[in-house]
Amino acid sequence: MNLKHLPKNWKIASNEISNNQTYNLKNAENAVFLVGNNFREKTIQIEKTNVNFVFSGGWQFSDDEAAEMANSILNEHKSIFKEFPTDKIQINLLPFPQENSNPERWRAETRGSTVTIISGSLPFKTQAVQRLHEQLRHELFHLWIPNGVNLSGNYDWFYEGFTIYQALRTGVELNQIRFDDFLNTLSQAARMEQMMSQTNSFSLIEASENRWAGSSNLIYSKGLAVAFLCEVALLREKHNLTDVFRQIWNKHRFPAQIQDGNIAIINSLKTFPELRPIVQKFIEGKEKIDW
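Encoded structure:
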């Protein structure tokens, strides 16, 4: 892929290896290129991992504050898995191209080892910091799961629902949200799960297969609720979800052979006897949660 012929003063930011702006892609599907003439970069080193930030536009927080956020979150996630998923991470933080875009609107995606966040600009610093921290807690976790494991298929219920739960826990651990906020989000998910269960009789596996046909909210709310139930059951036996995440990472991280994600995750969960009823009722089965 050759990107030499750009307009004057334009440049490229990418995690891909470049030879004079010629890129030989090992995995084109996961390659991300930011091309433009009005962005700035900042790089930090965390152990052996190089983290490159690309900023465009003005924000209520400084570039250094955003970098420190990512630093603390990445180290917190690393404490779960005991290693970083890659030696190169890129984080793109961009405004929407439309002028006067809705400040509440945002989109985020983690593709390969690149996190891209496109966001409206909130008017107050406390709000802006809170939202960026929330976005980074979730998206950076995806560098490990699902992007760092060789699992296939639609197991969104796990890598989205359980990630939302873990991101909440990380927010509490890093004193970014209160425990009351944590409980409030759980109660909202429980209410939404109860409401949607009245009209959608899907197991979490079935909901993942229909994610883009209207089951996305069920995946997020019930996935979060089930992650909480799993944590409670594990804590009673002196375990926690860290043990689950670490087991999955150790067994399925690249270059492990590819396996079906649903089978692999369920097998890992069932290695903990206390989780088997939860898996059977709410992940494989269609039962409503009796709170």
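Plus 760 on top of the position in the sequence shown (first one is 1) and you've got our numbering. Backbone N, C-alpha and C define an ideal beta-carbon position, used for all residues, glycine too.
In the region 794-862, which residue ranges form an unbroken alpha helix (DSSP H) of at least 4 residues, counting only runs that do not cross its ends? The region 794-862 contains, as complete alpha helix (DSSP H) runs of 4+ residues, the segments 823-841 (chain order).
On a CA-only basis, which of Leu964, Pro863, Ser832 and Glu776 is nearest Gly818? Give me that one, please. For Gly818, the closest alpha carbon among the candidates Leu964, Pro863, Ser832 and Glu776 is that of Pro863.
Identified DSSP bridge partners for Arg951: When DSSP reads this structure, Arg951 sits in no beta bridge, so it has no partner.
Straight-line Cα distance separating Val814 from Asn779: C-alpha separation (whole angstroms): 20 Å.
Can the beta-carbon of Val909 be found less than 8 Å from the beta-carbon of His1012? It is a contact, given that the beta carbons lie within the stated cut-off.
Which stretch, first to last residue, makes up the beta strand (DSSP E) that contains Arg867? Segment Trp866 to Arg871, the beta strand (DSSP E) holding Arg867.
Ile979 versus Ser816, Asn790, Ile1043 and Glu997, residue with shortest Cα-Cα distance: The shortest C-alpha separation from Ile979 is found at Ile1043.
Taking the alpha-carbon positions, what's the Phe1014 to Asn860 distance? Phe1014 and Asn860: Cα-Cα distance of roughly 43 Å.
Can you name the residues that DSSP bridges to Thr876? Answer by DSSP bridge pairing, in chain order: Asn852 and Glu869.
Is it the case that the Cβ atoms of Ala927 and Phe821 are separated by a distance below 8 Å? Note that the C-beta distance between Ala927 and Phe821 is not below 8 Å.
Please say whether Leu853 and Ala827 have beta carbons closer to each other than 8 Å? It is not a contact, given that the beta carbons lie outside the stated cut-off.
May I ask you to list the residues that DSSP assigns as paired with Lys998? Lys998 pairs with nothing; no bridge assigned.
For Val1039, which residues of its own chain have a beta-carbon under 8 Å away from its beta-carbon, when the five flanking residues on both sides are left out? Result list for Val1039: Ile1026, Leu1029 and Lys1030, in chain order.
Grab the span of the alpha helix (DSSP H) containing Ala773 for me, first residue to last. Careful: Ala773 lies outside any alpha helix (DSSP H), inside the beta strand (DSSP E) at Lys771 to Ser774.
What are the complete alpha helix (DSSP H) segments, minimum 4 residues, inside the region 901-936? Correct list: 923-933.
Among all the DSSP beta bridges, which residues are the ones paired with Tyr980? In the DSSP assignment, no residue is bridged to Tyr980.
Spatially closest choice to Thr945 from Ala985, His765 and Thr959, by CA coordinates: Closest by alpha carbon: Ala985.
So, with DSSP's three-state summary, where would you put Phe975? A small correction: the amino acid at residue 975 is Ser; Phe does not occupy that position in the sequence shown. Coil, per DSSP.
Taking all protein chains shown into account, decide if Pro767 is buried (16 or more other Cβ within 10 angstroms of its Cβ) or exposed. By the neighbour-count rule (16 or more Cβ atoms within 10 Å), Pro767 is not buried but exposed.
In the structure shown, what three-state DSSP assignment does Gln1017 receive? Coil, per DSSP.
List the whole-angstrom C-beta distance separating Val792 from Asn810, where the pair is believed to meet the contact cut-off of C-beta under 8 Å. The Cβ separation is near 16 Å, so there is no contact.
For Ile777, does the count of other Cβ atoms within 10 angstroms reach 16, so buried, or fall short, so exposed? Its Cβ having fewer than 16 others within 10 Å, Ile777 is exposed.
Assigned secondary structure, Phe939 (DSSP; H/G/I helix, E/B strand, else coil): Helix, per DSSP.
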